[in-house]
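Colleague: My questions will all concern the structure given below.
Structure follows, in structure tokens:
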């Protein structure tokens, strides 16, 4: 269909702004990944009726469509050559705020939501390092986690309801769980006339549920594929809204989301520990976990070196690139000061022979400075690009059970040595989620073969440990082709059926999660 006709049609349909000039397309053609796709047009949508009408048009004309938040995705999740829906201009409000939950539009920035929640002594724990920019819609799409996932959980754990627009423009509200199979059948007929929810749960026999329990990754963070392990809870309730978390806009467009919120803890202490190298640091992780920290983060010298060490008060422990020092950040929080201080003290005593305690802080200024150093890791890594030599992101989001973290880290170091590659390490050590990137010359004739071989080695080891190739950053363009290997044919066939149930014509962010 000619561009001018699409533009004219959408301007007559949409209430929001329709952008199709070259400059706008160029801005929306990129995100935080290495990819570039020019959209047909961009629409700054006004409300759910606006989205519904646009979807009906896209459905009738077989034009692909996807949602976009702040464009902080690392793997091209929100890039499209079709219609791009931008929620940040208009659909960015808090709709309802109660003592234990909040309902928001998808375009609200996480930091703005945090600020409003904090005024009432509340918080939504998932806190990705991009919180100052990323939107709630993007966090749902990726099942974002962040520093405090260890103590509190991921986006999927706090999402209590969702309103969705499907590819054909139909709207569904999923704010209440279903008690059982019969409840799905009865309520679906008059509450949810699309019949998609009934079809979804029709895929899961007892045998399939047992198979999912056996085969799904044994980790605390996972954004790979569709989270079918989370849609029926341990007391048998059906939670259809969970299927949209980590779906990357391939099943529907989020218009509202309901989140469980918590009281801010009264007390927080953070301890920074220095180790001679990354292996000694990760070896201490299982020990630290026995004291139940709310966060346990790692920052290796491969990142510290490029960030000028980040600290003015390094005391006697010297971090330099040759020594390969590594920092662990351990936070304890809670409402019982005696309990929090006891866990901190016992952990500190236990670690005295493993590394050097560099700093312990409880005041706001010091704590924020310490976490800023950790959250700045990705920015420092991005600065390592020099010409065609850059840190490659394909294997940067793997996760294994922390009990395997030492063995897995040793494997990664040996693998980098095998391929003679420089690298960086940082990440969420407490969850077993290491963000590591090899630094490779992308102009080399051997670049593609090298990346494929390295990825095959690393992902095979992740499968061996029952881990996940995607902990929190999403599959996007980069990792979608590996999902079938990750889960095997039986589970991947269920993923394909889910995609067909919710998006039978494959116009919702095609090429992500399922390649057709």
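Residue numbers (our numbering): 72 to 587. Here a beta-carbon is modelled for each residue, glycine too, at the ideal position from N, C-alpha and C.
To which residues of the same chain is residue 417 closer than 7 Å at the C-beta, ignoring the five residues directly before and after it?
Modeller: Position 346 of the chain shown, counting from 1, holds the residue named residue 417. Excluding residues within five positions, the ones whose Cβ falls inside 7 Å are 362.
Colleague: State the DSSP-derived secondary structure class of residue 435, mapped to helix, strand or coil.
Modeller: Start at 1 with the first residue of the chain shown, and residue 435 comes out as number 364. The answer is helix: DSSP assigns residue 435 an H, G or I state.
Colleague: Measuring alpha carbon to alpha carbon, tell me which of 287, 209, 288 ends up nearest residue 147.
Modeller: Taking the chain shown and counting its residues from 1, the one referred to as residue 147 is at position 76. Out of 287, 209, 288, 209 has the C-alpha closest to the C-alpha of residue 147.
Colleague: Between residue 156 and residue 114, what straight-line distance do the alpha-carbon atoms span, to the nearest angstrom?
Modeller: As a first step, residue 156 must be located in the chain shown, where it is residue number 85. As a first step, residue 114 must be located in the chain shown, where it is residue number 43. So the alpha carbons of these two residues sit roughly 5 Å apart.
Colleague: What separation, rounded to the nearest whole angstrom, lies between the Cα atoms of residue 124 and residue 162?
Modeller: Taking the chain shown and counting its residues from 1, one reaches residue 124 at position 53. Taking the chain shown and counting its residues from 1, one reaches residue 162 at position 91. C-alpha separation (whole angstroms): 16 Å.
Colleague: Per the contact definition of three or more C-beta pairs closer than 8 Å, is the stretch 300 to 313 in contact with the stretch 244 to 255?
Modeller: Taking 8 Å as the limit for Cβ pairs, the verdict is that the stretch 300 to 313 does touch the stretch 244 to 255.
Colleague: By a C-beta neighbour count over all protein chains shown, 10 Å radius and 16 as the cutoff for buried, is residue 79 buried or exposed?
Modeller: As a position in the chain shown, residue 79 is number 8, starting the count at 1. Result: exposed.
Colleague: Pick helix, strand or coil for residue 89, following the three-state DSSP scheme.
Modeller: Here residue 89 refers to the residue found at position 18 when the chain shown is read from its first residue. Residue 89: strand per DSSP, three-state reduction.
Colleague: Here's the rule: buried if 16 or more other CB atoms are within 10 angstroms of the residue's CB, otherwise exposed. What is residue 355?
Modeller: On the chain shown, position 284 is the one that residue 355 refers to. Residue 355 should be labelled buried.
Colleague: Can you tell me which residues form a DSSP beta bridge with residue 504?
Modeller: Taking the first residue of the chain shown as position 1, residue 504 is located at position 433. The partner list for residue 504 (beta bridge, DSSP) reads 470, 499.
Colleague: Threshold first: 4 residues or longer. Then list the alpha helix (DSSP H) segments lying entirely within the stretch 180 to 244, N to C.
Modeller: Complete alpha helix (DSSP H) runs here, min 4: 181 to 190, 207 to 213, 220 to 223, 226 to 229.
Colleague: Taking only three categories from DSSP, how would you classify residue 288?
Modeller: The residue you call residue 288 lines up with position 217 of the chain shown. DSSP places residue 288 in coil when its eight states are reduced to three.
Colleague: Taking only the alpha-carbon atoms, compute the straight-line gap between residue 567 and residue 151 and give it to the nearest angstrom.
Modeller: Residue 567 sits at position 496 when you count from the first residue of the chain shown. Residue 151 sits at position 80 when you count from the first residue of the chain shown. Distance between the alpha carbons of residue 567 and residue 151 is about 20 Å.
Colleague: Could you spell out where the beta strand (DSSP E) holding residue 399 opens and where it closes?
Modeller: Locating residue 399 in the chain shown gives position 328, counting from the first residue. That run of the beta strand (DSSP E) goes 397 to 405.
Colleague: Measure the Cβ-Cβ separation of residue 142 and residue 158 and say whether it is below 9 Å.
Modeller: Walking along the chain shown from the start, residue 142 turns up at place 71. Walking along the chain shown from the start, residue 158 turns up at place 87. No, Cβ-Cβ distance for residue 142 and residue 158 is not below 9 Å.
Colleague: Between which two residues does the beta strand (DSSP E) containing residue 137 stretch?
Modeller: Position 66 of the chain shown, counted from the start, is the residue given in the question as residue 137. It spans 136 to 139 - the beta strand (DSSP E) in which residue 137 sits, taken as one unbroken run.
Colleague: Residues bridged to residue 303 by DSSP?
Modeller: Counting from one through the chain shown, the residue named residue 303 turns up at place 232. For residue 303, which the question treats as bridged, DSSP gives the partners 309.
Colleague: Run through the DSSP bridge pairs and tell me what residue 430 is partnered with.
Modeller: Here residue 430 is taken as the residue at index 359 of the chain shown, counted from 1. DSSP lists 343 as partners of residue 430.
Colleague: So residue 246 and residue 195 are in contact, right, with Cβ under 8 Å, and what is the actual spacing, rounded?
Modeller: Within the chain shown, the letter at position 175 stands for residue 246. Within the chain shown, the letter at position 124 stands for residue 195. About 17 Å separates the two Cβ atoms, so there is no contact after all.
Colleague: My assumption, with CB atoms under 8 Å, is that residue 235 sits in contact with residue 323. Please give the rounded CB distance.
Modeller: Here the question's residue 235 lines up with position 164 in the chain shown. Here the question's residue 323 lines up with position 252 in the chain shown. The Cβ separation is near 4 Å, so the contact holds.
Colleague: Since residue 205 and residue 140 should fall inside the 8 Å C-beta cutoff, what is the C-beta to C-beta distance between them, to a whole number of angstroms?
Modeller: Taking the chain shown and counting its residues from 1, the one referred to as residue 205 is at position 134. Taking the chain shown and counting its residues from 1, the one referred to as residue 140 is at position 69. Contact flag correct, Cβ pair sits at about 6 Å.
Colleague: When burial is assigned at 16 or more other CB atoms within 10 Å of the CB, is residue 132 buried or exposed?
Modeller: Locating residue 132 in the chain shown gives position 61, where the first residue counts as 1. Exposed, since its Cβ has fewer than 16 Cβ neighbours within 10 Å.
Colleague: Who are the near neighbours of residue 577 in its chain, counting only those whose CB is closer than 6 Å to its CB and skipping five residues on each side?
Modeller: Position 506 of the chain shown, counting from 1, holds the residue named residue 577. Within the same chain, residue 577 has close Cβ partners 587.
Colleague: Determine whether the beta carbon atoms of residue 399 and residue 344 lie at a separation below 9 Å.
Modeller: In the chain shown, the residue the question calls residue 399 occupies position 328. In the chain shown, the residue the question calls residue 344 occupies position 273. Cβ distance < 9 Å, so residue 399 and residue 344 count as in contact.
Colleague: Can you give me the C-alpha to C-alpha distance between residue 373 and residue 301, rounded to a whole angstrom?
Modeller: If you number the chain shown from 1, residue 373 lands on position 302. If you number the chain shown from 1, residue 301 lands on position 230. If you take the alpha carbons of residue 373 and residue 301, they lie about 36 Å apart.
Colleague: With DSSP run on the structure shown, which of helix, strand or coil describes residue 390?
Modeller: One-based indexing of the chain shown puts residue 390 at position 319. Residue confidence is low: residue 390 scores 46 on pLDDT, short of 50, so the model does not pin down where it sits. Its coordinate-derived value is still stated next. Coil, per DSSP.
Colleague: Would you list the one or two residues that DSSP bridges to residue 460?
Modeller: Translated into positions along the chain shown, residue 460 becomes position 389. Answer is 457, 512, bridged to residue 460.
Colleague: Can you tell me whether residue 542 is buried or exposed? The criterion is at least 16 other CB atoms within 10 Å of its CB, across all chains shown.
Modeller: Here the question's residue 542 lines up with position 471 in the chain shown. The residue in question, residue 542, is buried, as its Cβ has 16 or more Cβ neighbours within 10 Å.
Colleague: Should residue 352 be flagged as near chain C, meaning a C-beta pair shorter than 9 Å?
Modeller: You won't find chain C in this structure, because it holds only one protein chain.
Colleague: Suppose you measure from the CA of residue 561 to the CA of residue 486; what does that come to, to the nearest Å?
Modeller: Along the chain shown, read from residue 1 onward, the residue named residue 561 stands at position 490. Along the chain shown, read from residue 1 onward, the residue named residue 486 stands at position 415. Going by the C-alpha atoms only, they are around 31 Å apart.
Colleague: Using C-beta distances below 6 Å, list every residue in its chain close to residue 557, excluding the 5 sequence neighbours before and after it, in chain order.
Modeller: For the purposes of this step, residue 557 is taken as the residue at position 486 of the chain shown. Once the five neighbours on either side are set aside, the close Cβ partners of residue 557 are 295, 540.
Colleague: Nearest by alpha-carbon distance to residue 563: which of 549, 185, 585, 548 is it?
Modeller: Within the chain shown, numbered from 1, the residue matching residue 563 stands at position 492. The shortest Cα separation from residue 563 among 549, 185, 585, 548 belongs to 585.
Colleague: If you compare alpha carbons, which of 167, 106, 189 is closest to residue 333?
Modeller: Within the chain shown, numbered from 1, the residue matching residue 333 stands at position 262. When only C-alpha atoms are compared, the closest one is 189.
Colleague: In angstroms, rounded to a whole number, what distance separates the CA positions of residue 377 and residue 103?
Modeller: Here residue 377 refers to the residue found at position 306 of the chain shown. Here residue 103 refers to the residue found at position 32 of the chain shown. For residue 377, the predicted structure reports a pLDDT of 47, less than 50, and the residue's modelled location is therefore unreliable. A value from the coordinates is still provided. Each residue's alpha carbon lies about 20 Å from the other.
Colleague: Quick one: what does DSSP say residue 578 is sitting in, helix, strand or coil?
Modeller: For this step, residue 578 is matched to residue 507 along the chain shown. Correct three-state label for residue 578: coil.
Colleague: Excluding sequence positions up to five away, which residues of its chain have a Cβ less than 7 Å from the Cβ of residue 471?
Modeller: Locating residue 471 in the chain shown gives position 400, where the first residue counts as 1. 290, 479, 503, 533, 536, 538.
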